[in-house]
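Working notes, structure below.
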Amino acid sequence: MPDEKGAPPQVQVQSLDDYLEVMSKAVFQSGMSWQVVNAKWPDTNEAFHGFEIGRVAALTQEELDELAQDKRVIRNRRKLAAITHNAQRIIELDAEHGCFIDYLRSHGDFYDVVKDLKKQFKFLGDTGSYFFLYVIGEPVPPHDEWMCAQERAKRR
C-alpha cells in the first residue's frame, strides 16, 4: 500500500484518541466511498469531540440519537453506536495490556491481529482492519498480495 497511488497517509499515534479516530474512519468507510467519508470528516471529527476517547466512550443514547439527526455526519445509527463501543474497547484493552499497542502486538502475525480486531470491535472487517493497521504504522502485507489472499479466501 505505501507505494500505491492514493494510499492514505500514515499517522504518528500520540494517544488513544488517535487510534479511535483512525478506527472510526474505517468504520464509517465500511460500505461507503472514501470521497463521502473524507468530505464529512472535518465535521465528523467536530461532532465526536475530536475523538477524545473518554468523551466518546461516555456518549449517551440521547447524544447518539442527536448525532443520528446531524446532517454533518454519516447518520448510520449502528455505526454511530459502534464508535462508542469501540472507544470503550480501546480503553479496556489498553488497561488489560498496559497499552493499546501491546494489545495489537500480542497476536503474532498480521492475520491473527485482524482476526482479533474483527472480534473485539464493531464494524471493523478485513478491509477496515488493514486500513487501520496501515495508517497507524503497524506491519501489513503488500496491498496487492493481501488482495489476492482475500480473493482466494472468498473462493473457498
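In my numbering, each residue carries its 1-based index in the sequence shown increased by 46. Virtual Cβ for every residue (Gly too), placed ideally from N, Cα, C.
In angstroms, rounded to a whole number, what distance separates the CA positions of L117 and L139? Looking at the sequence provided, one finds Lys at residue 117 rather than Leu. Cα to Cα, the separation comes out at about 32 Å.
Distance, P54 Cα to D172 Cα: Those two C-alpha atoms are separated by around 16 Å.
Look at the alpha carbon of R198 and the alpha carbon of G174, and state the distance between them as a whole number of angstroms. So the two alpha carbons sit approximately 18 Å from each other.
Note down the Cα distance separating D89 from V59, rounded to an integer number of angstroms. The alpha-carbon atoms of D89 and V59 are separated by roughly 21 Å.
By Cβ distance below 6 Å, which residues in the same chain neighbour L163 in space, the five residues on each side in sequence not counted? Within the same chain, L163 has close Cβ partners L170, S175.
contact_flag[the stretch 142-158, the stretch 116-130] where n(CB pairs < 8 Å) is 3 or more: Taking a cut-off of 8 Å for Cβ pairs, the stretch 142-158 and the stretch 116-130 do not touch, as fewer than three such pairs fall below it.
Using a Cβ-Cβ distance under 8 Å, would D190 count as near chain D? No chain D is present in this structure, which holds just one protein chain.
Thinking C-beta only, is M78 closer than 8 Å to N132? No; because the gap between Cβ atoms is not below 8 Å, this pair is not in contact.
To the nearest whole angstrom, what separates the beta carbons of L113 and A141, a pair I think is in contact under 8 Å? About 26 Å separates the CB atoms of L113 and A141; that is not less than 8 Å, and the two are not in contact.
Just curious, the alpha helix (DSSP H) that G183 is in, first and last residue? Note, G183: premise wrong, no alpha helix (DSSP H); not H, not E.
Are the beta-carbon atoms of I182 and V57 separated by less than 8 Å? Cβ distance < 8 Å, so I182 and V57 count as in contact.
Can you check which of these residues, D148, V82, T106, is closest to I120 by C-alpha distance? Nearest of D148, V82, T106 to I120, Cα basis: V82.
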